[in-house]
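Shown next, in structure tokens, is the structure this report addresses.
Residue numbers (the UniProt record's numbering): 1 to 291.
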């Protein structure tokens, strides 16, 4: 219960706020602990990445995430992990990071929630990233759980980084790690790794391809009419997916540091925003010249 109280006291803009913690006994006489979270109005990331048809779908705007929205959410999630791993008095490992545990508020800001499997690294220091606690019993979710947990290795921040890498790859390819194409040793990590950088357009989410093509049409610039899309956007996608690959490598200590992930993704974000601003200015100048 002390750990539940500790979770209730953590505060970060990209963590779902824990309203209260309680404990009781269930109908079978077993101890029962619960965390009560705040409600966020835009559902979870999984619903946006993989929308399912509904009976009233024709009346609703289909759920789509733009390149920039996905990147913003990816930064939100990485920032939350950076806080849990390095900014808390006792480092916390989430142990079950996946799209359905990333909730979106009314402004589409990402918040990491569901700390049901979280572990505290009580013996950790600022330079220590693992705990003597075994990962045996940490079930996690198939496809997102790091391979070392399956062998009973220690719970560590590297495990969260692996899960984040898989989540990042899923966000920009639109493919779950459990997709039926991943058979006979092929997984999402390898699927992306072998495609980078030349075949980037073959693996990104088709919704993002549509966005690139639409932007090219608006630009009406014959220099950008090949199927590879805008060089700037393509370069950003290569960098983003490269980070996902670096986070989800097999060996824990070879994975990218989550603090570095935040920095690199923010650089890409600024590049996209800067390019977008420049194009808006060009369109305004063109419109003014025609007028």
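Note that the Cβ used here is the ideal one computed from N, Cα and C, for glycine as well.
Nothing here was measured: the structure is a model prediction, and the numbers come from that model.
Residue(s) in a DSSP beta bridge with residue 247:
As a first step, residue 247 is located in the chain shown; it is residue number 247 there, counting from the start. Beta-bridge annotation (DSSP): residue 247 is not paired with any residue.
>> Check whether the segment 242-249 and the segment 162-169 touch, using three or more Cβ-Cβ pairs below 8 Å as the test.
In response: Touching, yes, given that three or more Cβ pairs across the two stretches are closer than 8 Å.
Notebook entry, point to check: Just to confirm, are residue 243 and residue 81 a CB contact at a threshold of 8 Å?
Noted result: Within the chain shown, numbered from 1, the residue matching residue 243 stands at position 243. Within the chain shown, numbered from 1, the residue matching residue 81 stands at position 81. No, the pair does not count as a contact, with Cβ atoms beyond the cut-off.
Does the distance from the C-beta atom of residue 141 to that of residue 120 stay below 8 Å?
-> Reading the chain shown from its first residue, position 141 is the one you call residue 141. Reading the chain shown from its first residue, position 120 is the one you call residue 120. In this structure, residue 141 lies away from residue 120, with their beta-carbon atoms at least 8 Å apart.
What do you reckon, are the CB atoms on residue 266 and residue 109 nearer than 8 Å? As a working note, residue 266 is residue 266 in the chain shown. As a working note, residue 109 is residue 109 in the chain shown. Going by C-beta atoms, residue 266 is not nearer than 8 Å to residue 109.
- Under 8 Å, do residue 103 and residue 44 count as touching if we go by C-beta distance? Numbered from 1 along the chain shown, position 103 holds the residue referred to as residue 103. Numbered from 1 along the chain shown, position 44 holds the residue referred to as residue 44. Yes; because the gap between Cβ atoms is below 8 Å, this pair is in contact.
Practice task
Please state whether DSSP places residue 198 in a helix, a strand or coil.
Solution key: If you number the chain shown from 1, residue 198 lands on position 198. Of the three classes helix, strand and coil, the one that applies to residue 198 here is coil, per DSSP.
Going by the DSSP bridge assignment, what does residue 294 pair with across the sheet?
Only positions 1 to 291 of the chain appear in this structure, which leaves residue 294 out of reach.
Handout entry: Contact under 8 Å by Cβ, residue 198 with residue 67
Key = Counting from one through the chain shown, the residue named residue 198 turns up at place 198. Counting from one through the chain shown, the residue named residue 67 turns up at place 67. Not a contact, by the Cβ cut-off of 8 Å.
Note to self: According to DSSP, is residue 110 part of a helix, a strand, or is it coil?
What the structure shows: Along the chain shown, read from residue 1 onward, the residue named residue 110 stands at position 110. In the three-state reduction of the DSSP assignment, residue 110 falls in the strand class, which pools E and B.
What first and last residue would you give for the beta strand (DSSP E) that runs through residue 102? By 1-based counting over the chain shown, the position of residue 102 is 102. Residue 102 -> beta strand (DSSP E) spans 102-104.
Helix, strand or coil for residue 124? Go by DSSP, reduced to three states.
By 1-based counting over the chain shown, the position of residue 124 is 124. Below a pLDDT of 50, predicted positions are generally treated as unreliable, and residue 124, at 47, falls in that range; the measurement from the model is reported next regardless. Residue 124 falls in the coil class under three-state DSSP.
Query raised in the report: Thinking C-beta only, is residue 49 closer than 8 Å to residue 115?
Result: The residue you call residue 115 lines up with position 115 of the chain shown. The residue you call residue 49 lines up with position 49 of the chain shown. It is not a contact, given that the beta carbons lie outside the stated cut-off.
Exercise. Could you say which of 86, 19 and 162 lies nearest to residue 253 if we only look at CA atoms?
Key: Mapped onto the chain shown, residue 253 falls at position 253. Of 86, 19 and 162, the residue nearest in Cα terms is 162.
Exercise for review: Would you mind reading off the limits of the alpha helix (DSSP H) that contains residue 70?
Suggested key: The residue labelled residue 70 in the question sits at position 70 within the chain shown. Start and end: 67-82.
Self-check item: Distance CB(residue 144)-CB(residue 71) smaller than 8 Å
Solution: One-based indexing of the chain shown puts residue 144 at position 144. One-based indexing of the chain shown puts residue 71 at position 71. Taking 8 Å as the Cβ cut-off, residue 144 and residue 71 do not qualify as a contacting pair.
How about residue 195 and residue 203: are their beta carbons less than 8 Å apart? Sequence index remark: in the chain shown, residue 195 carries index 195 (1-based). Sequence index remark: in the chain shown, residue 203 carries index 203 (1-based). In this structure, residue 203 lies closer than 8 Å to residue 195 by Cβ.
Self-check item: Supposed contact pair residue 238 and residue 172 - C-beta distance, whole angstroms, cut 8 Å
Solution: The residue labelled residue 172 in the question sits at position 172 within the chain shown. The residue labelled residue 238 in the question sits at position 238 within the chain shown. That belief does not hold up - the Cβ atoms of residue 172 and residue 238 are roughly 10 Å apart, past 8 Å.
- Item | residue 189 - containing alpha helix (DSSP H), residue span | For the purposes of this step, residue 189 is identified with residue 189 of the chain shown, where counting begins at 1. Residue 189: member of the alpha helix (DSSP H) spanning 188-193, first to last residue.
Task: Straight-line gap, residue 127 to residue 86 (C-alpha atoms, nearest Å) - done: One-based indexing of the chain shown puts residue 127 at position 127. One-based indexing of the chain shown puts residue 86 at position 86. Bear in mind that the predicted position of residue 127 carries a pLDDT of just 44, short of 50, making it too unreliable to give a figure here.
Would a C-beta distance cut-off of 8 Å place residue 94 and residue 112 closer than the cut-off? Reading the chain shown from its first residue, position 94 is the one you call residue 94. Reading the chain shown from its first residue, position 112 is the one you call residue 112. For residue 94 and residue 112, yes; Cβs fall inside 8 Å.
- Query: Cα-Cα, which of 268, 182 and 101 is closest to residue 46?
  - Reply: To locate residue 46, count along the chain shown from 1; it is residue 46. Out of 268, 182 and 101, 101 has the C-alpha closest to the C-alpha of residue 46.
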